[in-house]
Every structure is written in C-alpha cells, then in structure tokens.
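Novice:
Residue numbers (UniProt numbering): 1 to 356.
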C-alpha cells in the first residue's frame, strides 16, 4: 500500500498530510479523535468561547480516552484559536489556557487576528525550549503573509506551519482573497524568498478542498498537505445537526454565498476587516438581499434557533460534498484518491504520434 510521507506527516506524526479544520461549533473531540485515529490530524475548535478551560480540558481528556492515551501523554490532535477572540480576553487568562493546551496536544492553530504575533510570542514564551507542541498560523492574503513573516523575522520567532487559505473556503475567510491555485505557489515563492531554510515553516493549503485530487494538486503546487473543513462537517462525528449535514450533502457549489449577515444576527462580530463567511443560501440570505429590516431578520433567526430550522440558520459550507460518511472513511478515501492521482501523473507517457 502506498502512502504520502513528507515533512508535515513527520512533524505531526500522522500517516496522511490531511488536517481537519478547527471549525467553531462543529469540530469537537469526537471528530478530532476520529480523524487522527484514521491517520490524518484532527483539530478541536474553541470558536467564540476560547477560555472555557474546564470544558477544553474535558474535551482533551475525552480524546485521550477515545485514543487509549494515558493522562500524562501528549495526544496527536490540535486546538484552534481565533486571534480576534483572544484579543478580547485578559492576557493572563489566555496564558493559563495556552499552558494547559501546549502540554497536552501536538499542535496549536491561530488565525483571524490583527496582531497574531502577540499570541505567537506568548506561546513560545510558555514553551521556552520545549517545542513538542507545534504552532500553525493561517493567513488569507499575500499581504497578511508578508507582514506576518516580517514580524516573525524581526522578533526572532519561528512558526512550524503556515496555512494559506484560499477564497474558496467555506466558513470564514478573506472576502477578496486569492484562489487557492494561485495563492499556494505565491506563498511558496514568498517563503523561499524571505525565510532561511532552517527556519522555514511547512506550507499547508486550505479553502474549498474536499477530495484526494485536491490533495494531490496542492502537493504539486508546493504545499505539504491540505486542510479540509466542509468534508468533515458531513460526518457522524461532527457536531452539526443531522439537518445541517443533509443540507450540506444536497447542496452544490453554486448554492453558497459570501456574507456577514449570520455573524450580525448571532452577535459574533469582531472579525478582522476583510473577513466574511461562506454559507449555504437559505431564507435568511434571500430575505437579507431583498432588503428585509434587521430586527425582523433577527426575530426570524431566533425563532429558527428554537426550532432548529436550517432553512434560516447558518450552515457554513463549501458545497462540494455529497455523502455523510464516517471520518475514518473520509480520511481513507482522500488518501487513496490522492495516491492514485499522484501515481497516474507519474506514469511515463507513451510515444507521441507523428502528426507532421
């Protein structure tokens, strides 16, 4: 059996260079454990409540139990934080949370903030010389990436993984970002240009990636792996409701919309400038575009929440998934397809016919 081994699988100690995204409200301990147990690398998302330490530790211990890991061992999963949400919390409490996390998991992911360097510095300060827990940072534009890398160099810091998120991403992402097919090669050039090889982070692609062919393509473009979000939403282990999962698998890519209306209705505002969300179109987005007043939209949304009505509630999605499958099967299918595509591409073509 062929497998894809590279620098990403080495530092995360996984078999497949495939990461499940730390999706707020969806990526809990069950999904993270299932993905990592299957050979990928799973993340728990802290979302809009990053400092619920008791709940986070409980989730980490749940994964340890699921994976048969002792209480004192580091588990092969990660925890994701939103930078802008951390900015709203007292730094000493963030530090206490980071201390608990870095000694228990294999990777911390930070994204969506106006000053991510502050949190990179804090994590490295907590770790001192112990770098067993890896640090991943996500960017949504070349400008953001360049500014981040400049700050990392000037402050003598290092990150282990740089995640480039393309415009196609489901959920939150850059409102005017680049397509993933152009973003990853550009990031690769930027890394080669700016960062010495010994300090260079591993590049990972994210955004609209759901299949093994996507993984093979990202590897060819210069990334060492890919992040999948929507594909793992349509699994029994994800925390989405069954109706949300059914909506995802019945949707097509044209059934999504980039919008901030759901954040406004839910009160989850504070995202950095230039960030919006890709969700499935529904009655809420139709009414919003038609000019319905905000109070009525919000009243309808609250009613939908009480009724679990997906015709109005937000379902973050990229619209490229057509089956609800166990996370283990998703990991295996992506790996198998990626290997097949890579092997087919590596075959020597037959002799060209003479058309002259």
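Even for Gly, the Cβ is constructed at its ideal location relative to N, Cα and C.
Could you check the C-alpha separation between residue 121 and residue 191 for me, to the nearest Å?
Specialist: C-alpha separation (whole angstroms): 20 angstroms.
Novice: Compute the Euclidean distance between the alpha carbons of residue 242 and residue 289, then round it to the nearest angstrom.
Specialist: Between residue 242 and residue 289, the C-alpha separation is close to 27 angstroms.
Novice: Report the CB separation of residue 67 from residue 20 in whole angstroms; it is logged as a contact under 8 angstroms.
Specialist: Not quite, the Cβ-Cβ distance comes to about 15 angstroms (not below 8 angstroms), so this is no contact.
Novice: Hey, quick one: how far does the beta strand (DSSP E) through residue 165 stretch, first residue to last?
Specialist: That run of the beta strand (DSSP E) goes 161 to 165.
Novice: Please go through the same chain and pick out, in chain order, the residues whose beta-carbon is closer than 6 angstroms to the beta-carbon of residue 51, but skip the five residues on each side of it.
Specialist: Excluding positions up to five away in sequence, the list reads 89, 93, 97.
Novice: Which term fits residue 206, buried or exposed, when burial requires 16 or more other beta carbons within 10 angstroms of its beta carbon?
Specialist: Buried.
Novice: Have a look at residue 49 and residue 82 and give me their C-alpha separation to the nearest angstrom.
Specialist: Cα-Cα distance, rounded: 10 angstroms.
Novice: To which residues of the same chain is residue 26 closer than 6 angstroms at the C-beta, ignoring the five residues directly before and after it?
Specialist: Cβ neighbours of residue 26 beyond the five flanking positions: 233, 238, 239, 240.
Novice: For residue 138, does the three-state DSSP call read helix, strand or coil?
Specialist: In this structure, residue 138 counts as strand in the three-state DSSP scheme.
Novice: So, for residue 105: in the same chain, excluding its five sequence neighbours on each side, which residues have a beta-carbon less than 7 angstroms away from its beta-carbon?
Specialist: For residue 105, where only same-chain residues beyond five positions count, the Cβ hits under 7 angstroms are 60, 74, 75, 77, 78, 79, 133.
Novice: Taking all protein chains shown into account, decide if residue 196 is buried (16 or more other Cβ within 10 angstroms of its Cβ) or exposed.
Specialist: Label assigned to residue 196: exposed.
Novice: With residue 203 and residue 187 assumed to form a contact (beta carbons below 8 angstroms), what rounded beta-carbon distance in angstroms separates them?
Specialist: So it is a contact: roughly 6 angstroms between Cβ atoms.
Novice: Is residue 82 helix, strand or coil when you go by DSSP?
Specialist: If DSSP states are grouped into helix, strand and coil, residue 82 belongs with the strands.
Novice: State buried or exposed for residue 2, treating a residue as buried only when at least 16 other CB atoms are found within 10 Å of its CB.
Specialist: Exposed.
Novice: Taking residue 112 as the reference, give the member of 346, 102, 141, 127 with the closest Cα.
Specialist: Among 346, 102, 141, 127, the Cα nearest to that of residue 112 is on 141.
Novice: Per DSSP, residue 259 is paired with what?
Specialist: Paired residues: 277.
Novice: With three or more C-beta pairs closer than 8 angstroms as the rule, is the segment 293 to 310 touching the segment 216 to 224?
Specialist: The segment 216 to 224 vs the segment 293 to 310: no contact.
Novice: How far does the alpha helix (DSSP H) with residue 218 in it reach, from first residue to last?
Specialist: It spans 212 to 221 - the alpha helix (DSSP H) in which residue 218 sits, taken as one unbroken run.
Novice: Can you give me the start and stop residues for the alpha helix (DSSP H) that residue 97 sits inside?
Specialist: Here the alpha helix (DSSP H) through residue 97 covers 91 to 102.
Novice: Look up residue 19 in the DSSP assignment and say whether it is helix, strand or coil.
Specialist: If DSSP states are grouped into helix, strand and coil, residue 19 belongs with the strands.
Novice: Which word fits residue 344, buried or exposed, when buried means at least 16 other C-beta atoms lie within 10 angstroms of its C-beta?
Specialist: Counting Cβ neighbours within 10 Å, residue 344 comes out exposed, since fewer than 16 surround it.
Novice: When burial is assigned at 16 or more other CB atoms within 10 Å of the CB, is residue 259 buried or exposed?
Specialist: The residue is buried, with at least 16 neighbouring Cβ atoms inside 10 Å.
Novice: Let's test the definition: count the other Cβ atoms within 10 Å of the Cβ of residue 23 and tell me whether it reaches 16, buried, or not, exposed.
Specialist: So residue 23 ends up on the buried side.
Novice: Would residue 14 pass as a contact of residue 43 if the rule is Cβ separation under 7 angstroms?
Specialist: No, the Cβ-Cβ distance between residue 14 and residue 43 is not below 7 angstroms.
Novice: Would you give the residue range spanned by the alpha helix (DSSP H) that residue 182 belongs to?
Specialist: Where residue 182 is concerned, the enclosing alpha helix (DSSP H) stretches over 180 to 194.
Novice: What are the boundary residues of the beta strand (DSSP E) that includes residue 226?
Specialist: Counting along the chain, the beta strand (DSSP E) containing residue 226 begins and ends at 226 to 228.
Novice: Taking only beta-carbon atoms, is residue 210 less than 7 angstroms away from chain B?
Specialist: In the structure shown, chain B does not exist; there is a single protein chain.
Novice: State the DSSP-derived secondary structure class of residue 354, mapped to helix, strand or coil.
Specialist: Because residue 354 carries a pLDDT of 43, less than 50, the predicted location of this residue cannot be relied on, and no value is offered for it.
Novice: Return the chain-ordered list of same chain residues with a C-beta closer than 7 angstroms to the C-beta of residue 337, the five sequence neighbours on each side being excluded.
Specialist: Cβ within range, chain order: 211, 212, 213.
Novice: Under a three-way DSSP split, which group does residue 70 fall into?
Specialist: DSSP places residue 70 in coil when its eight states are reduced to three.
Novice: For residue 51, does the three-state DSSP call read helix, strand or coil?
Specialist: Note: residue 51 maps to coil in three-state DSSP.
Novice: Which whole-angstrom value is the C-beta distance of residue 324 and residue 175, which I expect to be below 8 angstroms?
Specialist: In fact, because the Cβ distance is near 30 angstroms, the residues do not count as touching under 8 angstroms.
Novice: Please report how far the alpha carbon of residue 183 lies from the alpha carbon of residue 168, in whole angstroms.
Specialist: Rounded to whole angstroms, residue 183 to residue 168 spans 11 angstroms at the Cα level.
Novice: Quick one, are the C-beta atoms of residue 123 and residue 137 less than 7 angstroms apart?
Specialist: Cβ atoms of residue 123 and residue 137: not closer than 7 angstroms.
Novice: Going by the CB atoms, is the gap between residue 257 and residue 230 shorter than 7 angstroms?
Specialist: In this structure, residue 257 does not lie closer than 7 angstroms to residue 230 by Cβ.
Novice: Suppose you measure from the CA of residue 128 to the CA of residue 333; what does that come to, to the nearest Å?
Specialist: Their Cα atoms are separated by approximately 39 angstroms.
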